[in-house]
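Engineer:
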Amino acid sequence: MSRRIWFSALAMAGGSFCLISAVKVTVLYDNTIHTPGTRADWGFSCLIESSGHTLLFDTGTLPYILADNAKKAGVDLGAIPQVVISHGHRDHFGGLPAVLRVASRGIRVYIPPNLPEAMRQKIAAAGGTAVVPQNPLTLEGGMMTTGFLGDGIPEQGLILMTGKQNVLITGCSHPGIVNMVRQARTIIKANVDVVLGGFHLAGHSQKAVTDIIRQFRLLGVRRAGPTHCTGEAAIDAFRKAYGKNFIAMGVGRVLELE
Ligand SMILES: [Zn+2]
Ligand SMILES: [Zn+2]
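In the numbering used here, the protein residues as written are 2 to 259.
1) Beta-carbon separation of Ile-81 and Leu-48 under 9 Å?
2) Tell me the DSSP bridge mates of Leu-256?
3) How many angstroms separate the CA atom of Leu-11 from the CA atom of Gly-153?
4) In chain order, what are the residue ranges of uninterrupted beta strand (DSSP E) at least 3 long that sit wholly in the segment 40–74?
5) For Met-181, which residues of its own chain have a beta-carbon under 6 Å away from its beta-carbon, when the five flanking residues on both sides are left out?
6) If you draw a straight line from the C-alpha of Ile-61 to the C-alpha of Lys-208, how long is it?
7) With a Cβ-Cβ cutoff of 9 Å, do Pro-134 and Gly-151 count as a contact?
8) List in chain order the residues whose CB is within less than 5 Å of at least one heavy atom of ligand 4.
9) The beta strand (DSSP E) with Asn-167 in it runs from where to where?
10) Determine the contact status of Leu-220 and Val-168, defining contact as a CB-CB distance below 9 Å.
11) To the nearest angstrom, report how far apart Phe-247 and Tyr-30 are at their CA atoms.
12) With hydrogens ignored, establish whether the beta-carbon of Ile-34 is closer than 8 Å to any heavy atom of ligand 1.
13) Consider the C-beta atom of His-90 and the heavy atoms of ligand 1; say whether any pair is separated by less than 8 Å.
14) Got a sec: does ligand 1 put a non-hydrogen atom nearer than 8 Å to the Cβ of His-205?
15) Assign Gln-122 to one of two classes, buried (16 or more other C-beta atoms within 10 Å of its C-beta) or exposed (fewer than that).
16) With DSSP run on the structure shown, which of helix, strand or coil describes Gln-83?
17) Just mark Tyr-243 as buried or exposed, buried being the case when its beta carbon has 16 or more other beta carbons within 10 Å.
18) Indicate the three-state DSSP secondary structure (helix, strand or coil) for Leu-138 in the structure shown.
19) Does at least one heavy atom of ligand 1 sit under 8 Å from the Cβ of Ile-154?
20) Cβ of His-54 within 8 Å of any heavy atom in ligand 1?
21) Between the C-alpha atoms of Glu-118 and Gly-89, what's the straight-line distance to the nearest angstrom?
22) Just to confirm the assignment, what range does the beta strand (DSSP E) spanning Pro-227 have?
23) From what residue to what residue does the alpha helix (DSSP H) around Leu-101 run?
24) Report yes if the CB atom of Val-132 is closer than 9 Å to the CB atom of Ile-112, and no otherwise.
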């Protein structure tokens, strides 16, 4: 932890905020493959490592696929002390038992309010603690949740600030990807430079996707890594619009963000 600063928006959440010098994101579950030998399946999960701290964001759908991809990526699921589940859909929490099976007692899981009771019981049985964050929350390693958004399916994203760039990671973006970017900006009082994850744009018209890309630009998003439920047509539109600043995701993808 290099510097510790306070944001007024965080005083509301009762949290302090620290900048992290560098962050490594490893995609462990996605609809597509980046590294040969890994398995693709519908769902999303990535491991975040920063300043010696580790966090798993979402877990994909099937425990054995998460475990398999983690092994191929050289990730020890038993060494993960904290997990953030973006929302209560199985393609984001279904793989959690693969982590709980090998987790140390005391693992903390930040869950949506509508996580099925059976999964809460599995967390408790593993000696873990399930927490439903009411507000944006600062976690170990200077990572931060956005708090839950949306009138329909409540969903939280994850914010990382390296000091040079601010990163937002989303699961499915059911509350709207632009709304999630806006929420993150409000919390950190700065632009979100990089957005990664599911943008939930499958089925959106080309015009709607073009408008979302325009709003990304207006909001200052410099790099985008849409994947999972974003839909192929929308991913292509982002690839064309962002050019060299488009981030291709997929299982096995490792991003080092300075
Ligand atoms: Zn979903
Ligand atoms: Zn999803």
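Idealized CB from N, CA, C, for every residue including glycine.
Structural biologist: Inspection of the coordinates gives the following:
1) yes
2) Val-26
3) Caution is warranted here: a pLDDT of 37 is assigned to Leu-11, below 50, making its placement in the model unreliable, and the coordinate value is therefore given only provisionally. Cα to Cα, Leu-11 sits roughly 25 Å from Gly-153.
4) 46–51 and 54–58
5) Gly-158, Thr-171 and Ser-174
6) In the sequence under discussion, the amino acid at residue 61 is Gly, which differs from the Ile named in the question. Whole-angstrom Cα-Cα distance: 30 Å.
7) no
8) Absent from the structure shown: ligand 4. Ligands present: ligand 1 and ligand 2.
9) 167–171
10) no
11) The alpha-carbon atoms of Phe-247 and Tyr-30 are separated by roughly 19 Å.
12) no
13) yes
14) It does not: the Cβ of His-205 is nowhere closer than 8 Å to a heavy atom of ligand 1.
15) exposed
16) strand
17) buried
18) coil
19) Yes, since a heavy atom of ligand 1 falls inside the 8 Å radius drawn around the Cβ of Ile-154.
20) no
21) 11 Å
22) 224–228
23) 97–101
24) yes
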